[in-house]
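One structure is given below, encoded as structure tokens.
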Amino acid sequence: MTTGRPTEQENSPAPSPFEPISAPAAMGATVAPAPAQPAAADSIVATPPANPLTDALVALREAAACTRFDLEIPGAESARGTSAELVHQLDDYVLPRLRRLDAPLLTVVGGSTGAGKSTVVNSLVRASVTPSGVLRPTTRSPVLVSHPDDVRWFSDTRVLPELTRTSGAGTDHRTLQLVPSPALDPGLAFLDAPDIDSVVAANRRLAAQLLAAADLWLFVTTAARYADAVPWDVLETAQERGTALAVLLDRVPPGAEDDIAAHLTEMLAAHGLAQAPLFVVPETTLVDGLLPEPVVAPLRSWFVSLARDAEQRAEVVRRTLDGALDSLRPRTAGLAAQARAQLDAAAQLRTDAREAYAGALEEVDDGMRDGSLLRGEVMARWQEFVGTGELLRSLQDRVGRLRDRLTAAVTGRPHQPGSELTAALESGVALLVDAAAERAAERAATSWRRSAAGTALLRDPESVDVRLDRATPNLRDGIERTVRDWQGAVLDLVRREGATRRTSARIAAYGVNATGLIVMVAVFASTAFIPTGAEIGVAGGTTVLSQKVLEALFGDQAVRRLADEARADLLDRVRALLDGEERRFADLLAAHATVASDAEALERAAADVEAARASSLRASLRRSTEALS
Ligand SMILES: Nc1nc2c(ncn2[C@@H]2O[C@H](COP(=O)(O)OP(=O)(O)OP(=O)(O)O)[C@@H](O)[C@H]2O)c(=O)[nH]1
Ligand SMILES: [Mg+2]
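Be aware that the sequence shown starts at 379, since it is given in our numbering, and climbs by one per residue.
What follows is the structure in structure tokens.
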């Protein structure tokens, strides 16, 4: 055998490329047969009429592009791939095709490297329009060949909007070279794509993107390689998407045509691709790099008949478009489910962090109530305050003021009664809060590390430097400032209390500073009512003040009330600090988590697409019925 032939309908001059599809039943979108001659140039840029299906698809595209699948949960990686693919497919094929059903039919030539894709394209137009060669891979930049009148359909960004158009040879995978060829009939364009199984990742990605932009795939393989796994993966995608397909089996050793063709036919059938016409090209010597004309003739005549028959072309478009729309449903359902799973995972991580910091607030609350703060340094300063008579001296108001003035004159700074006690309380509380914040960070990070999603977030470049498993480095300063502010607020509270004269005379007699300190110490005493003698340091500090006086002071109604108020105030301030610490986790999560409204938009858009397809189907059924009656 010296010439290529389609294995089906060998003698038919104009074979129908595919099983006829019952147009309205198969098609959600109504496709009018493309006119034999495309519309006038200015109609290309005309604004397409509003179409509910197009609108729903645009919304779906936006929702898919916006929805993040960042958290590393099962299915996330594949959802990211699906979403990118879906957006590309809508941009590169479905939307442009729906907007201009009359655009030329685009055949993308795909297959393994060296299969002879570029050679076939050149042979169809009888000129070397796309370089073929021995270097693997040869084609890195796609080349689109069309009749000169059709170049305008591809020169704007209607299809494959991401690729920069060039008229000369492209240099990388971001360009699309447009080549006019009068040898081609109008209405039919060929795109020579890089290899689908390329060692070059960018080639592979581009090949997949180009195939998704096709009305028709011409899959080129060779006798030596047709059984390779990768092309079949790609062909399965064609099958899943319902893309119209033709297969060219190249370089078949003479005499082996029937056996190899039969085997390949079987494989195609096993993959659900029995409808694809198969062309067999025997091994032959190239003439000026082109397949001899008789070898390529059957393929050419098949395409010519397709180009000249608007009904057939429309059928190919309808089939591929319908397949693409059908394939949107499971993919968007998968994306919506993954978006929900992302929301759940984010909620869990948020809860983990929240619980860790709620625990920290509880620890601080407990630490403030269990009397542990009134030990060590604070106790020593309190005993000093009580034992050396500082507290008592503050009773002797005038003497105190005179002493303060003297101290100020000698040391250059005013002496505040109990200033060491104030400082000890400040660092005692700061230590408590700091330790709680430190433990909360560790707890939150540990619970995040239990999941792959949390682990990945903690490894996020933005969080690595921050070390979320530790408290903020300068947190201690912030805590000390907060405690000082609180101490100031306690004094204000006492002052206001004095102004309203609700305080008992006994308390008022000690003045604002001393009363403030008594209130602060009362805040940290464990007993709800009167602290024990030991707790308030009676044993070591009764030289000047009798146990009776101290117990009376702490038992004072007003002191208890003020202490409760002051404790609540301190807890509020600590809560705000810890909230800030927790926010580091929440912010990191927010930077990566799916937004609930995006997930909802995705689900809504998917449902709208289905509804628009159903109503378009109803409309086309109605038209068919009217036409029949
Ligand atoms: N003898 C013979 N050589 C062929 C045939 N088809 C392709 N070749 C040669 O095989 C090599 C590869 O062909 P190309 O057309 O560049 O293959 P390709 O599929 O475009 O390869 P990539 O661009 O790398 O994906 C070239 O050297 C061609 O000349 C054929 O049918 N017969
Ligand atoms: Mg090539």
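We treat Cβ as the ideally placed atom computed from N, Cα and C, and that holds for glycine.
| Item | Value |
| --- | --- |
| Proximity below 8 angstroms, CB of D730 to CB of S825 | yes |
| Alpha helix (DSSP H) runs wholly inside the stretch 719–773, at least 4 long, in chain order | 754–765, 768–771 |
| Whole-angstrom distance between G796 and E768, CA atom to CA atom | 7 angstroms |
| 7 angstroms CB neighbourhood of A493 in its chain, flanking five on each side removed | V598, T599, T600, R603, D628 |
| Cα-Cα separation between R619 and W595, rounded to whole angstroms | 12 angstroms |
| Helix, strand or coil at P672 according to DSSP, with G and I counted as helix | helix |
| CB-CB length for V442 against L464, believed under 8 angstroms | As written in the sequence, residue 442 is Ala, which differs from the Val given in the question. Right, the Cβ-Cβ distance comes to about 5 angstroms (below 8 angstroms), so this counts as a contact. |
| Reference S576, options A561, G754, V612, A567, closest by Cα | V612 |
| From R982, L431, V436, residue whose alpha carbon lies closest to that of A711 | R982 |
| Span separating the alpha-carbon of S993 from that of H525 | 37 angstroms |
| Ordered list of alpha helix (DSSP H) runs contained in the stretch 848–901, each at least 4 residues | 853–878, 883–886, 889–901 |
| Counted within 10 angstroms of its Cβ, other Cβ atoms place N581 as buried (16 or more) or exposed | buried |
| Length-filtered (4 minimum) alpha helix (DSSP H) runs lying within the stretch 437–481 | 454–467, 473–477 |
| Status (buried if at least 16 other CB within 10 Å, exposed otherwise) for R349 | Nothing about residue 349 can be reported from this structure: the residues present for the chain run from 379 to 1007 only. |
| Three-state class that DSSP yields for R603 in the structure shown | coil |
| Cα-Cα separation, N500 to D687 | 23 angstroms |
| Endpoints, the alpha helix (DSSP H) within which R583 is located | 579–590 |
| Run of the beta strand (DSSP E) containing V659, from where it starts to where it stops | 656–660 |
| Under 8 angstroms between C-beta atoms of L1012 and D812 | No answer is possible for residue 1012: the residues shown for the chain start at 379 and end at 1007. |
| Length-filtered (3 minimum) beta strand (DSSP E) runs lying within the stretch 488–564 | 521–524, 542–544, 553–558 |
| Alpha-carbon spacing of D469 relative to L684, whole angstroms | 25 angstroms |
| For L522 and L584, the rounded distance between their alpha carbons | 14 angstroms |
| Extent of the continuous alpha helix (DSSP H) to which A571 belongs | It is not in any alpha helix (DSSP H) - A571 carries neither H nor E in the DSSP assignment. |
| Cβ-heavy atom distance, P515 to ligand 1, below 7 angstroms | yes |
| heavy atom of ligand 2 below 7 angstroms from D611 C-beta | no |
| Residue range of the alpha helix (DSSP H) that includes R837 | Unbroken run through R837: none, as it is neither H nor E. |
| Residue from P708, T485, P672 whose Cα sits closest to the Cα of V987 | P708 |
| Rounded straight-line distance, which links the Cα of R961 to that of L835 | 14 angstroms |
| Counterpart residues of D628 in DSSP-defined beta bridges | T600 |
| G478 burial status per 10 Å Cβ neighbour count (16 or more: buried) | Before going further, note that residue 478 is Arg rather than Gly in the sequence given. Classification for R478: buried. |
| For L809, the three-state DSSP class (helix, strand or coil) | helix |
| Reference E816; option with closest CA among E875, F763, T893, Y735 | Y735 |
| Own chain partners of A941 with C-beta closer than 7 angstroms, once the 5 adjacent residues on each side are dropped | V897, A900, V901 |
| Distance between F657 and A634 (C-alpha atoms, nearest Å) | 14 angstroms |
| Contact under 8 angstroms by Cβ, A943 with L871 | Before going on, a small fix: residue 943 reads as Glu here, not Ala. In this structure, L871 lies closer than 8 angstroms to E943 by Cβ. |
| Beta-carbon proximity of A831 to L980, cut-off 8 angstroms | no |
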